[in-house]
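Undergrad: Protein chains in written order, with the numbering used here: chain A, 7 to 282; chain B, 7 to 282. Just so you know, even glycine gets a beta-carbon here, dropped at the ideal spot from N, CA and C.
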């Protein structure tokens with residue numbers, strides 16, 4: 007299988023390493039704006055070759071778009087040269103703006119995917135083969151993809167050990183705002199709130215596991231997350247407003263010292279873990 | 007050493023198990039309102055005996071108060087019978103109201119401690135010997151404790167492998183609001199915001215590591231946390247307001263689509279991890 011990986015960071019690099027674990031007879035070519043990433047990806051055995059010519063992917067069986075979501079939207083119009091058999095999969099965290107940006111000539115080639123995985127680290131050095139195993143991947147508007155492409159994408163994600171969910175792109179973006187994008191906003195805001203205190207070092211010295219968990223994703227890439235917030239703006243704002251409503255309910259209960267209501271509010275929060 | 011553990015849950019149970027790892031010649035007696043906890047603690051080898059008479063701790067070398075913070079405040083006036091040599095250590099997450107509640111007759115006996123550790127689990131079954139190792143413990147207003155008691159408390163926490171910090175109780179409560187209490191409010195609010203959506207199951211099915219981390223402490227005990235919010239009310243509200251200011255800054259930047267400012271806001275959040 008001939009594979010082109012566009013974007014050799016955590017997501018793209020890990021995708022290549024995962025493919026190497028499950029398939030023989032692979033030829034993986036990488037493409038990245040950042041030359042240093044290309045060099046590292048070669049050294050780490052993530053790719054067999056790097057290129058700076060997109061056209062060299064014309065006969066690829068699979069092209070993986072693992073760059074920030076704005077980059078995906080900008081790149082799609084430049085991929086119309088691919089063969090009718092090629093499968094193009096994107097790994098972006100937003101889906102509606104991306105599926106809208108796919109040129110009609112290559113709509114059948116395209117499979118919109120969002121693997122619900124990641125770490126706060128980035129770059130080729132952060133890549134590891136097990137990033138995708140056991141995780142969920144959401145495939146959006148799959149009925150608009152060609153038959154060959156649907157089959158190939160399902161097969162690859164399934165071979166990678168992922169659980170596949172199907173969803174409309176608009177529904178995906180609403181859900182992702184609640185389960186991922188808004189929680190990132192909270193973590194960034196928490197980090198900034200603490201850093202703004204008079205003596206953040208003295209405060210942070212006391213950090214236990216709870217704070218470490220809550221602030222971990224505040225380490226995430228600003229480039230990647232600026233794009234996501236931009237592309238999912240209205241769902242994100244709606245999710246933040248909904249969260250703020252709950253936080254203000256907590257404040258209001260504490261201020262009027264209704265400890266029974268506070269107990270009930272916390273007990274309701276506990277119920278999440280019956281589902282999670 | 008004769009030890010009395012009041013409260014046989016995660017904190018008290020783990021404290022007993024940690025003592026067993028480091029000292030021989032221990033006699034550990036437990037006390038818990040919940041009879042079932044007493045039975046389990048005996049079965050699990052956490053305590054040698056359970057009692058329902060506080061007075062049996064009169065000649066204890068060490069009494070550990072590992073109950074919710076309101077319980078500590080209520081219990082302190084009933085511990086005036088202890089010998090002048092006894093050390094009473096509380097493990098509560100707030101400190102100012104507790105040190106104010108210590109009767110003057112036993113002020114020298116008392117050492118106010120907050121070990122910055124825990125898990126979202128509770129009860130004797132949740133206890134494990136390694137809970138405290140490598141973690142921070144804050145000792146408050148230590149100059150008000152007697153010499154024997156200061157020495158004993160430092161020795162025990164140090165033998166348990168903890169890093170000891172000293173702080174004024176009021177300062178502790180301000181810091182703890184930012185590093186622990188407010189983050190718990192965020193996690194509870196996040197869980198409630200998601201559970202309130204039309205189809206929480208469909209959303210939660212997509213949860214990746216970020217959401218799992220952010221919602222983990224929403225599983226914490228409502229009883230324990232209602233008390234903490236109550237005792238640290240004004241610092242908690244101040245920390246929530248500060249957090250809300252940062253979240254609203256994010257919203258405002260997203261709404262006016264100033265992506266450069268958003269990038270800068272996220273980049274500032276990243277700096278937390280240079281300290282953490």
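Are the beta-carbon atoms belonging to residue 13 of chain A and residue 72 of chain A less than 7 angstroms from one another?
TA: Along the first chain, read from residue 1 onward, the residue named residue 13 of chain A stands at position 7. Along the first chain, read from residue 1 onward, the residue named residue 72 of chain A stands at position 66. Yes, Cβ-Cβ distance for residue 13 of chain A and residue 72 of chain A is below 7 angstroms.
Undergrad: I need the DSSP call for residue 120 of chain A, collapsed to helix, strand or coil.
TA: Locating residue 120 of chain A in the first chain gives position 114, counting from the first residue. The answer is strand: DSSP assigns residue 120 of chain A an E or B state.
Undergrad: Given this structure, state the Cα-to-Cα distance separating residue 264 of chain A from residue 230 of chain B, to the nearest angstrom.
TA: By 1-based counting over the first chain, the position of residue 264 of chain A is 258. By 1-based counting over the second chain, the position of residue 230 of chain B is 224. If you take the alpha carbons of residue 264 of chain A and residue 230 of chain B, they lie about 15 angstroms apart.
Undergrad: CA-CA distance, residue 95 of chain A and residue 33 of chain A?
TA: If you number the first chain from 1, residue 95 of chain A lands on position 89. If you number the first chain from 1, residue 33 of chain A lands on position 27. Distance between the alpha carbons of residue 95 of chain A and residue 33 of chain A: 17 angstroms.
Undergrad: Would you check if the distance between the CB atom of residue 235 of chain A and the CB atom of residue 200 of chain B is smaller than 7 angstroms?
TA: As a first step, residue 235 of chain A must be located in the first chain, where it is residue number 229. As a first step, residue 200 of chain B must be located in the second chain, where it is residue number 194. Going by C-beta atoms, residue 235 of chain A is not nearer than 7 angstroms to residue 200 of chain B.
Undergrad: Just the Cα atoms here: how many angstroms apart are residue 112 of chain A and residue 88 of chain A?
TA: Position 106 of the first chain holds residue 112 of chain A. Position 82 of the first chain holds residue 88 of chain A. Looking at the two C-alpha atoms, the distance is approximately 8 angstroms.
Undergrad: Exposed or buried, which one is residue 101 of chain A when buried takes at least 16 other CB atoms within 10 Å?
TA: For the purposes of this step, residue 101 of chain A is taken as residue 95 along the first chain, with counting starting at 1. Counting other Cβ atoms within 10 Å of its Cβ, residue 101 of chain A reaches 16 or more and is therefore classed as buried.
Undergrad: Name the residue from A:244, A:272 and A:245 whose alpha carbon lies nearest to the alpha carbon of residue 257 of chain A.
TA: Translated into the one-based positions of the first chain, residue 257 of chain A becomes position 251. With distances taken between Cα atoms, residue 257 of chain A lies closest to A:272.
Undergrad: Just to make sure I have the definition right: I need the residues of chain B whose C-beta is within less than 7 angstroms of the C-beta of residue 3 of chain A. Which are they?
TA: Since the first residue of chain A shown is 7 and the last is 282, residue 3 of chain A is not available in this structure.
Undergrad: Provide the residue(s) that pair with residue 144 of chain B in DSSP beta bridges, ordered along the chain.
TA: As a first step, residue 144 of chain B is located in the second chain; it is residue number 138 there, counting from the start. Residue 144 of chain B is bridged to B:120 and B:171.
Undergrad: Residues in the same chain with beta-carbon distance under 6 angstroms from residue 132 of chain A, minus the five sequence neighbours each way, listed in chain order, please.
TA: Position 126 of the first chain, counted from the first residue, corresponds to residue 132 of chain A. Around residue 132 of chain A: 16.
Undergrad: Could you give the distance in angstroms between the alpha-carbon of residue 59 of chain A and the alpha-carbon of residue 145 of chain A?
TA: One-based indexing of the first chain puts residue 59 of chain A at position 53. One-based indexing of the first chain puts residue 145 of chain A at position 139. The alpha-carbon atoms of residue 59 of chain A and residue 145 of chain A are separated by roughly 28 angstroms.
Undergrad: Would you verify that the beta carbon of residue 10 of chain B is, or is not, closer than 7 angstroms to some beta carbon of chain A?
TA: To locate residue 10 of chain B, count along the second chain from 1; it is residue 4. Closer than 7 angstroms: no.
Undergrad: Check each residue of the stretch 178–202 of chain B: if its Cβ is closer than 9 angstroms to any Cβ of chain A, include it; give the result in chain order.
TA: So the list reads 178, 180, 181, 182, 184, 185, 186, 188, 189, 190, 191, 192, 193, 194, 195, 196, 197, 198, 199, 200, 201 and 202, given in the order they occur along the chain.
Undergrad: Spell out whether any CB of chain B is found under 7 angstroms from the CB atom of residue 100 of chain A.
TA: Position 94 of the first chain, counting from 1, holds the residue named residue 100 of chain A. Answer no: the Cβ-Cβ gap between residue 100 of chain A and chain B never drops below 7 angstroms.
Undergrad: In this structure, how does DSSP classify residue 200 of chain B when only helix, strand and coil are distinguished?
TA: Walking along the second chain from the start, residue 200 of chain B turns up at place 194. Correct three-state label for residue 200 of chain B: helix.
Undergrad: Under DSSP, the beta strand (DSSP E) around residue 70 of chain B begins and ends at which residues?
TA: As a position in the second chain, residue 70 of chain B is number 64, starting the count at 1. Run containing residue 70 of chain B: 68–71, per the beta strand (DSSP E) assignment.
Undergrad: For residue 52 of chain B, which of helix, strand or coil comes out of DSSP?
TA: Residue mapping note: residue 52 of chain B aligns to position 46 of the second chain, counting from 1. If DSSP states are grouped into helix, strand and coil, residue 52 of chain B belongs with coil.
Undergrad: With H, G and I counted as helix, E and B as strand and the rest as coil, what does DSSP make of residue 93 of chain B?
TA: The count along the second chain starts at 1 and reaches residue 93 of chain B at position 87. Three-state result, residue 93 of chain B: strand.
Undergrad: Are the beta-carbon atoms of residue 74 of chain B and residue 179 of chain B separated by less than 7 angstroms?
TA: The residue given as residue 74 of chain B occupies position 68 in the second chain. The residue given as residue 179 of chain B occupies position 173 in the second chain. Going by C-beta atoms, residue 74 of chain B is not nearer than 7 angstroms to residue 179 of chain B.
Undergrad: Alpha helix (DSSP H) containing residue 9 of chain B: first to last residue?
TA: As a first step, residue 9 of chain B must be located in the second chain, where it is residue number 3. Per DSSP, residue 9 of chain B belongs to no alpha helix (DSSP H); it is in the beta strand (DSSP E), 8–12.
Undergrad: Straight-line CA distance for residue 187 of chain A to residue 114 of chain B?
TA: Position 181 of the first chain, counted from the start, is the residue given in the question as residue 187 of chain A. Position 108 of the second chain, counted from the start, is the residue given in the question as residue 114 of chain B. When rounded, the distance between both Cα atoms is 51 angstroms.
Undergrad: Measure from the alpha carbon of residue 169 of chain B to the alpha carbon of each residue in B:99, B:51 and B:120, then state which is nearest.
TA: As a first step, residue 169 of chain B is located in the second chain; it is residue number 163 there, counting from the start. Distances from the CA of residue 169 of chain B to each of B:99, B:51 and B:120 were compared; the closest alpha carbon is that of B:120.
Undergrad: Shorter than 7 angstroms from the beta carbon of residue 282 of chain A to some beta carbon of chain B?
TA: The count along the first chain starts at 1 and reaches residue 282 of chain A at position 276. Output row for residue 282 of chain A: interface = yes.
Undergrad: Rounded to a whole number of angstroms, what is the C-alpha to C-alpha distance between residue 251 of chain A and residue 267 of chain A?
TA: Counting from 1 along the first chain, the entry for residue 251 of chain A is found at position 245. Counting from 1 along the first chain, the entry for residue 267 of chain A is found at position 261. Using only the alpha carbons, I get a separation of about 16 angstroms.
Undergrad: Of all the CB atoms in chain B, is at least one closer than 7 angstroms to the CB of residue 172 of chain A?
TA: For the purposes of this step, residue 172 of chain A is identified with residue 166 of the first chain, where counting begins at 1. Chain B contact via Cβ: absent.
Undergrad: For the 8 angstroms Cβ check, are there 3 or more pairs between the stretch 18–33 of chain A and the stretch 126–142 of chain A?
TA: Using a C-beta cut-off of 8 angstroms, the stretch 18–33 of chain A makes contact with the stretch 126–142 of chain A, since at least three inter-stretch Cβ pairs fall below that distance.
Undergrad: Quick check on residue 84 of chain B: buried or exposed, where buried means 16 or more other Cβ atoms within 10 Å of its Cβ?
TA: Position 78 of the second chain, counted from the first residue, corresponds to residue 84 of chain B. Residue 84 of chain B is exposed by the Cβ-count criterion.
Undergrad: Mind pulling the chain B residues with CB within less than 8 angstroms of residue 293 of chain A?
TA: No answer is possible for residue 293 of chain A: it lies beyond the span of chain A, which begins at 7 and ends at 282.
Undergrad: Starting from the C-beta of residue 61 of chain A, find all residues in its chain whose C-beta is less than 8 angstroms away, skip the five residues before and the five after it, and write them out in chain order.
TA: To locate residue 61 of chain A, count along the first chain from 1; it is residue 55. Close CB contacts of residue 61 of chain A within its chain, under the 8 angstroms cut and outside five residues either way in sequence, are with 87 (chain order).
Undergrad: Leaving aside the five residues before and after residue 255 of chain B along the sequence, list all residues of the same chain whose C-beta is less than 8 angstroms from its C-beta, in chain order.
TA: Your numbering for residue 255 of chain B matches position 249 in the second chain. Contacts found: 271.
Undergrad: Check the Cβ-Cβ distances between residue 40 of chain A and every residue of chain B, and say whether any is below 7 angstroms.
TA: As a first step, residue 40 of chain A is located in the first chain; it is residue number 34 there, counting from the start. No, because no Cβ of chain B sits closer than 7 angstroms to the Cβ of residue 40 of chain A.
Undergrad: For residue 216 of chain B, report the span of its alpha helix (DSSP H) as first-last.
TA: Here residue 216 of chain B corresponds to residue number 210 of the second chain, with the count starting at 1. Element bounds for residue 216 of chain B: 215–222.
Undergrad: Report the CB separation of residue 223 of chain A from residue 193 of chain A in whole angstroms; it is logged as a contact under 8 angstroms.
TA: Mapped onto the first chain, residue 223 of chain A falls at position 217. Mapped onto the first chain, residue 193 of chain A falls at position 187. About 4 angstroms; that satisfies the 8 angstroms criterion.
Undergrad: How would you write the range of the alpha helix (DSSP H) that residue 270 of chain B sits in, first residue to last?
TA: The sequence position of residue 270 of chain B within the second chain is 264, counting from 1. Boundaries of the alpha helix (DSSP H) around residue 270 of chain B: 265–276.
Undergrad: Let me confirm a value: residue 39 of chain B is counted as buried when at least 16 other C-beta atoms fall within 10 Å, else exposed. Which label applies?
TA: Sequence index remark: in the second chain, residue 39 of chain B carries index 33 (1-based). Answer is exposed; the Cβ neighbour count stays below 16.
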